[in-house]
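Enquirer: Residue numbers (this note's numbering): 429 to 662.
C-beta atoms are modelled at their ideal positions from N, C-alpha and C, and glycine is treated no differently.
Computed from a prediction, not measured in an experiment: that's the story for all the values here.
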């Protein structure tokens, strides 16, 4: 893993205005080496390596698959579509040599079809909060564990909300219940990854709870989806 400026991260690619990699003041790129290729995350300068994927404004990667194909993908924060190209390794090399752009824009499901489901990639045993938890205690937990949000469970263990750093910063309240977002968007364990990715883009959220009959089973984050993509190259 290494940190580079935006221009160095995307050297040799089309211009930023063409590909949506224009940087904001204070942005930098973190390059993560994975088996089969690398992933580049555009983040605010100073973002920790552990939270780079979850806090990224843009994620781009190129992964060589076992079937001699190359998967190139790009995910924008808050976007309503995704970018990908699944092409032969030979074609990928020719396109790189020519400097041509090969990312295709899509807006529906199918671009990650058949990869995995929510239950297979979710993080289980996640930290949770309760509505009665003081906000001061919540902020300490978020900072200590270097996470940006937590599901909120009632006394019976039912999922009743999500609380995030944005809630802490933007809302007034002494307890989690007073600042949490009660409208929880959850998915079942058998939800396909493409459905979850589309939901994150549509709702502009970074994580989705996996729920069965109102009970929390785990959480799927953008980082979990990127890891699932990278494993295709192993």
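(1) Nearest-angstrom Cα distance between residue 477 and residue 572?
(2) Please report how far the alpha carbon of residue 654 lies from the alpha carbon of residue 630, in whole angstroms.
(3) Please determine, among 603, 597 and 639, the residue with the shortest C-alpha to C-alpha distance to residue 612.
(4) Taking DSSP's pairing of strands, which residues face residue 639 in a bridge?
(5) With a threshold of 8 Å between beta carbons, is residue 657 in contact with chain B?
(6) What's the C-alpha gap between residue 615 and residue 492?
(7) So residue 578 is in the beta strand (DSSP E); what residue range does that whole segment cover?
(8) In the DSSP assignment, find the alpha helix (DSSP H) that holds residue 409 and state where it starts and stops.
(9) Does the region 582-599 come within contact of the region 542-555, defined as at least 3 CB pairs closer than 8 Å?
Expert: Taking the geometry as given:
(1) For residue 477 and residue 572, the distance between alpha carbons rounds to 15 Å.
(2) Residue 654 and residue 630 have their alpha carbons spaced roughly 18 Å apart.
(3) 639
(4) 644
(5) Of the chains in the structure shown, none is chain B; there is only one protein chain.
(6) 30 Å
(7) 577-581
(8) Lying before the first or after the last residue shown, residue 409 is absent from the chain, which here runs from 429 to 662.
(9) no
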